[in-house]
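Novice: Before we start, here is the structure in question, set down as structure tokens.
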Amino acid sequence: MADAKTIRASVAMLQVLESWGVDHVYGYPGGSFNSTMSAFDDEKDRIKYIQIRHEQVGAFAAAADAKLTGKIGVAFGSAGPGATNLLTGLYDAREDHAPVLALVGQVPHTNMNYNYFQEFDEDPMFQDVSVYDRTVMTPESLPYVVDKAIREAYKHSGVAVVIIPNDFGMAEIPDVPYGSAKAELGDKPAPLPQPTVEEIDETLRMIKAAKRPVINVGQGIKGGGERLVELSRKLQIPLVTSSLATGEVDPHYEANLGALGRLGSKAANEIFGSADLAISIGADFPFARVVFEARPFKFIQVDIDRSKFGRRHHADLAVWSDATAFVDKLLERSEPAAPSAFFEAAIADSKEWEDYLQKRADRDTDPLEAEPLYKAINAAADDNAAFAVDVGDNSINAIRYLHLTPKNKWTISALFASMGTALPGAIAAQLDFPDRQVFSISGDGAFSMVMQDLITEKKYNLPIINVVTSNKVLGFIKGEQDDVDMTEYSGIDLADQDFAKIAEAMGIEGVTVRKTSDLKPAFDRAVAASKAGKPFLIDAKITDNRTFATESLYVNVHDGQVDEFFNPAFNSKHDAKKLKTLEDFFAYFGAQELHPLAYFFKDAGVEL
């Protein structure tokens, strides 16, 4: 056995990652991670180390890898501050159910528990964020623990953390197979629950009994968008989507009313607000407590995760099933419904809203407004472009204005809603899809948190088109403070910056735009730079005008009539303009042409 072949434990660990198809890892070196850094040099032809400039960016990028591809993303941090810096990105992965592996440095095991430099007990810190959290106890177990961690991350669609005493990585261990991925013959999908005939027939019975059924579809429909459209037409049921399902269903389908909630459309909120039956298919709406709670509708919930039943609304019928399988079975067992006045009213309401959005986007404004900017992004974008969108007002405008279809890839920090995820998400998208055009879209507040990693785009020749919507204010929070009884805005003003010059100082070409006529030449330059393999930045100086506040609209159906009103807290700040009527509310957003829901019901002959 004296001449038995050995391998360094850190190299064996990286080979385990490679066996799972991992081809890049994000991180920033520290002394407690040097054994793994040495292994990256040995394995550089098989796995790429991506040097980011902040561990949070690495964790965000790893989460975006998982969201965009379904495959595990990997990031690392060294002991102490490198480890703590990972947490925000890991929580983003946890909340959006993204499989991510975090490799965390630790001081050599001989120095543990001696209050050594940067040494602390890291396990407890990661217990809440992770589905698997282990400190490696021997060099021989390092590749085994990492292999197991990956399986746990996939199994639970969450974060796995492996803490590695630095000296273990340098130790020689037997050179034997450690990874389990190659033991599987092929990549087969996990079996998914299927609906029963009884569940489908009960669903159809409840649909038949309803006057105003609506389908609320979420990410679970992936791949089944066309079948859902077929079902919607057949049963005459309009669709509203979750924000994350945007692009999963043909946006040109006339009865796709768009997203629900603050990010969504007037028509989606009105029609859903009037529903007497809501069919939730693969959706998990985080604002259900304020949007669903007061609704008297019957509720059918379809999900592959039984633990979610009833957590958003009492379920009158809970169906443990894959979303698309449920849709397919409904199509198979249903008969075409008679033409529905409610269905036609929903389409008319949605058409009027879409016309309003188009009018906003078509404006030629000086100073620049957000809507023409998004029109310019759409004009510059390829059909299969990938988008990384930051939170804040850009999340609203992206859901309403970006032309997202099943051809596109896009990512956002959804449930955790962490600022600063667009730039890391774009880095991930460009690495995952090198042949696609990639956009990063973020506000000045969010971009400022991570803009140091523009240099990462430069270093790795990532031809990302960065769009910064700069208006010197936290716009999304400004909208919330508008509706709070407070004398002045508090803490939301931002110092202006010249982001184009900042980019240029990093060796990245940039341009500032201030009016609509600046947009086309700016995006022509951006596209040309991207095609030449170079990143580009557009600093778009937009106004801080508030976008249409769909979340402030309320609909009640009672006693054979529909009442619609806006939240009395709207514009309750002391110096804000006070509105009295629904017409005032529409006019406040330049939407005088919009009609209340009752107009569409009357025009279509909806009987309540």
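In my numbering, the protein residues as written are 6 to 613. Glycine included, C-beta positions come from ideal geometry on N, C-alpha and C. Please read all numbers here as calculations on a predicted model, not as lab measurements.
CA-CA distance, G425 and P468?
Specialist: Each residue's Cα considered, the two are about 19 Å apart.
Novice: Taking the beta strand (DSSP E) that T140 falls in, what are its first and last residues?
Specialist: Where T140 is concerned, the enclosing beta strand (DSSP E) stretches over S135 to T140.
Novice: Would DSSP call R13 helix, strand or coil?
Specialist: DSSP places R13 in strand when its eight states are reduced to three.
Novice: Quick one: grab the DSSP three-state call for A366.
Specialist: Residue state, collapsed to three classes: helix.
Novice: When the distance is taken between beta carbons, is G228 closer than 9 Å to A250?
Specialist: The answer is no: Cβ separation not under 9 Å.
Novice: Since Q502 and S495 are thought to touch, with beta carbons under 8 Å apart, how far apart are those beta carbons, to the nearest angstrom?
Specialist: Going by Cβ atoms, the distance from Q502 to S495 rounds to 21 Å, so no, they are not a contact pair.
Novice: Measuring only the C-alpha atoms, how far is N466 from A71?
Specialist: For N466 and A71, the distance between alpha carbons rounds to 22 Å.
Novice: Let me know the secondary structure DSSP gives V30 once reduced to three states.
Specialist: Here V30 sits in strand by DSSP.
Novice: So if DSSP puts F38 in a beta bridge, which residue, or which two residues, is it bridged to?
Specialist: Answer by DSSP bridge pairing: none, since F38 is not bridged.
Novice: What is the residue span of the beta strand (DSSP E) that Q56 lies within?
Specialist: Segment K53 to Q56, the beta strand (DSSP E) holding Q56.
Novice: Who are the Cβ neighbours of L584 in its own chain at under 8 Å, not counting the five residues just before and after it?
Specialist: Here the set comprises F571, F575, N576, F590 and Y593.
Novice: Using the three-state DSSP reduction, which class does L282 fall into: helix, strand or coil?
Specialist: Note: L282 maps to strand in three-state DSSP.
Novice: Between the alpha carbons of I482 and V516, how many angstroms are there, rounded?
Specialist: Whole-angstrom Cα-Cα distance: 27 Å.
Novice: Which same chain residues end up closer than 6 Å to A14 when comparing Cβ atoms and leaving out the 5 residues on each side of it in sequence?
Specialist: Excluding positions up to five away in sequence, the list reads P144, L147, F173, G174, A176 and I178.
Novice: Straight-line CA distance for E48 to S83?
Specialist: Looking at the two C-alpha atoms, the distance is approximately 20 Å.
Novice: Evaluate S423 with the Cβ neighbour count: other Cβ atoms within 10 Å of its Cβ, from every protein chain shown; 16 or more gives buried, anything less gives exposed.
Specialist: By the neighbour-count rule (16 or more Cβ atoms within 10 Å), S423 is buried.
Novice: For L499, which of helix, strand or coil comes out of DSSP?
Specialist: Coil at L499, not helix or strand.
Novice: Which of the three DSSP states is assigned to D308 in this structure?
Specialist: Strand, per DSSP.
Novice: Starting from G450, follow the alpha helix (DSSP H) in both directions and report where the run begins and ends.
Specialist: Start and end: D449 to V455.
Novice: Which ranges does the beta strand (DSSP E) cover as unbroken runs of at least 3 residues, wholly within the region 416-500, from first to last along the chain?
Specialist: You should have 443-448 and 470-475.
Novice: Go ahead and label P301 buried or exposed: buried means 16 or more other beta carbons lie within 10 angstroms of its beta carbon, across all protein chains shown.
Specialist: Looking at its Cβ environment, which holds fewer than 16 other Cβ atoms inside 10 Å, P301 is exposed.
Novice: List the whole-angstrom C-beta distance separating L602 from D354, where the pair is believed to meet the contact cut-off of C-beta under 8 Å.
Specialist: Right, the Cβ-Cβ distance comes to about 7 Å (below 8 Å), so this counts as a contact.
Novice: Which first and last residues belong to the beta strand (DSSP E) in which E612 is found?
Specialist: Unbroken run through E612: none, as it is neither H nor E.
Novice: Comparing C-alpha positions only, which one of V234, I352 and D327 sits nearest to P196?
Specialist: Measuring from the Cα of P196, the nearest candidate turns out to be D327.
Novice: Give me the Cβ distance between A554 and V518, rounded to the nearest whole Å; I'm assuming they're in contact under 8 Å.
Specialist: The Cβ separation is near 26 Å, so there is no contact.
Novice: Only counting the same chain, and skipping five residues up and downstream in sequence, which positions put a Cβ closer than 8 Å to that of H59?
Specialist: Same-chain partners within the cutoff: Y33, N90, V455, Q457 and D458.
Novice: May I ask which residues mark the beginning and end of the alpha helix (DSSP H) holding L249?
Specialist: Careful: L249 lies outside any alpha helix (DSSP H) and carries neither H nor E.
Novice: By how many angstroms is the C-alpha of E612 removed from the C-alpha of I205?
Specialist: For I205 and E612, the distance between alpha carbons rounds to 27 Å.
Novice: Consult DSSP for F594 and reduce its assignment to one of helix, strand or coil.
Specialist: If DSSP states are grouped into helix, strand and coil, F594 belongs with coil.
Novice: Tell me whether L268 sits in a helix, a strand or coil according to DSSP, three-state version.
Specialist: It is coil, neither helix nor strand.
Novice: How far does the beta strand (DSSP E) with G78 in it extend, from its first residue to its last?
Specialist: G78 to G82 is the extent of the beta strand (DSSP E) around G78.
Novice: Cα-Cα, which of A165, A581 and N171 is closest to P113?
Specialist: It is N171.
Novice: Roughly how many whole angstroms lie between the Cα atoms of A385 and H257?
Specialist: Their Cα atoms are separated by approximately 20 Å.
Novice: Take G450 as the anchor and find which of L524, R441, I404 and D395 has the nearest alpha-carbon.
Specialist: That would be D395, whose Cα lies nearest to the Cα of G450.
Novice: Please tell me whether, using a cut-off of 8 Å, the distance from the CB of D28 to the nearest non-hydrogen atom of the ligand MG is below it.
Specialist: With respect to the ligand MG, the structure offers nothing, as it holds no ligand at all.
Novice: How many whole angstroms separate the CB atoms of D97 and S453, which I take to be in contact at a CB cut-off of 8 Å?
Specialist: Incorrect: roughly 18 Å between the Cβ atoms, too far for contact.
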